[in-house]
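For the working numbering, count along the sequence shown from 1 and bump the result up by 2.
No residue lacks a Cβ here, since even glycine has one placed at the ideal position from N, Cα and C.
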Amino acid sequence: MLRSLPHTSVAPFSRGPLRSRPKATRISAKLTLVPNGDGSKDHLKGEDDVVQPGPISLRSGTLELGRSSNADIRLDIPTVSGKHARIKVESSKILVTDLGSTNGTFVDGKELPANEEREVLPGGEVTFGDVYLAKFSLEESADEASATSTQDTE
3 MLRSLPHTSV APFSRGPLRS RPKATRISAK LTLVPNGDGS KDHLKGEDDV VQPGPISLRS
63 GTLELGRSSN ADIRLDIPTV SGKHARIKVE SSKILVTDLG STNGTFVDGK ELPANEEREV
123 LPGGEVTFGD VYLAKFSLEE SADEASATST QDTE
């Protein structure tokens, strides 16, 4: 976290030192779904080309996850439905809704009923139909791109 000390200067024709106020520092969280399944494909007969996804950085807003090419977050895994789940990304959490998927969506090991929203906090787990290839933990880190440095005004 960046921090600034107040800057003291003497302005021309002033009666004394002027103290400027530091600008506010804003650091927001960056949320990432990090795969934590074991990557096994033994349960998928004849699907040797399936690859476990890497980490998924989440942007603010509402995102659709699924196998469909129209999905905001595409998981090309046969056990993931075309329109599998909806993810609402908020400041330091996500809200997950199963969209009636075939193999279900699980939050911290508990299956979500279709169209029911469930909160996932950093450290929590979410599984999209496949514990081997589509199981993720939600991780939070400081978003360096949105951090603003503090500078004094003169």
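| Check | Outcome |
| --- | --- |
| Among residues of its own chain, excluding the 5 on either side of D40, which ones have a beta-carbon nearer than 8 Å to its beta-carbon? | Y134 |
| What did DSSP end up calling I89 once you bin it into helix, strand or coil? | strand |
| Can you list, in chain order, the residues of its chain whose CB lies under 6 Å from that of R120, leaving out five sequence neighbours each side? | V98, V109, L114 |
| Might you give, ordered along the chain, the residues of its own chain that have their beta carbon closer than 6 Å to the beta carbon of N105, omitting 5 neighbours on each side? | T81, G131 |
| How about A87 and L60: do their beta carbons lie closer than 9 Å? | no |
| CB-CB under 6 Å to E127, same chain, minus the five flanking residues each way: which ones, in chain order? | D110, S139 |
| Using a 10 Å radius around the Cβ and a threshold of 16 neighbouring Cβ atoms, would you call K112 buried or exposed? | exposed |
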